[in-house]
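This report refers to the structure that appears directly beneath it.
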Ligand code: BV8
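Residue numbers (this note's numbering): 1 to 241.
As structure tokens, this is what we get:
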């Protein structure tokens, strides 16, 4: 690892791999979510129009799984919260994950670019509210009173991820870009490392179980379970502060 100036901001991209050791499934591992259900059937706006009950059942099951008491932040989430607390230049986590494990570990400067499983959104009035219960088309929106429009506040394929302008500005200023637990298959997140390279300011490191699709784009790579590799990397970063 080159010496990173502690006055420089850090941007961290996380994917499903950082939550695996907390007991949540990834998408593209052999036993992953997309090996059991098709994206086209549960994670597109067209699927929601075609069969809303099936889409709600998919997300209701994942929401109940996330709320299981056994699902807790792991040492990787905790290490990133420590980095945010102790790094002078500031840390922004951009997560593709829709779980709340970063928040529960103590991270505050956080963008859920693909939305949040524990929030619902009304397609009629746009109201976004906390949601820890099953959703269905029978439920009425508490804001506008209409039924049929409540959906998970989640970005589906073909929908624009959230806060992209803010993310791009952060990538341009980053002195360090860390990519953790993501296979590099889904855009625009998979292109973030190229954005950092384009601006030429930041060192880039991939911390993953195995090389991602975009592994060769990173200046540095370290492989192993996030719960081991991330705390070790954070310790090295903070040793220079
Ligand atoms: C959009 C929410 C445009 C739902 C998700 C080029 C440019 C732009 C778009 C595209 C493009 N090419 C194709 C597209 C379209 C599409 C796309 O990228 N398709 C792919 C499949 C080719 N992108 C989109 O549709 C995006 N929207 O571009 O809009 C637009 C423009 C104008 C106007 C309107 C729209 C929207 C994408 C968001 C979709 N929603 N999630 C939900 O969660 O149900 S994406 C989905 O994949 C998940 O959310 C997940 O977060 C994301 C990425 O997956 P990963 O997190 O990487 O997980 P994965 O299983 O793949 O990998 C896990 C990794 O962890 C592995 O490498 C594994 O080895 C590692 N690992 C495992 N265990 C561990 C570990 N690592 C460390 N420790 C461990 N223990």
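Don't be surprised by glycine CBs; every beta carbon is placed ideally from N, CA and C.
Here the structure is a predicted model, which is why all the values come from computation and not from measurement.
Non-local C-beta neighbours of residue 197 in its own chain, meaning closer than 8 Å and more than five positions away in sequence, comprise 204, 217, ordered along the chain. Here the alpha carbons of residue 27 and residue 155 stand approximately 15 Å from one another.
Here the distance from the Cβ of residue 123 to the nearest heavy atom of ligand 1 is not below 6 Å. Bridge pairing for residue 13: 94, 179 [DSSP].
Along the length of the segment 118-164, whole alpha helix (DSSP H) runs at least 4 residues long do not occur. In this structure, residue 184 lies away from residue 226, with their beta-carbon atoms at least 7 Å apart. Note that the C-beta distance between residue 105 and residue 73 is below 7 Å. In the DSSP annotation of this structure, the continuous segment of the alpha helix (DSSP H) that includes residue 60 starts and ends at 52-66. Residue 191 and residue 167 have their C-alpha atoms spaced approximately 12 Å apart. According to the DSSP secondary-structure assignment, residue 166 is paired through a beta bridge with no residue. For residue 22, the closest alpha carbon among the candidates 97, 46, 36, 47 is that of 97. Fewer than three beta-carbon pairs drawn from the segment 137-145 and the segment 58-78 are found closer than 8 Å, and the two stretches are therefore not classed as touching.
In this structure, 76 is the residue among 113, 214, 76 with its C-alpha nearest to the C-alpha of residue 18.
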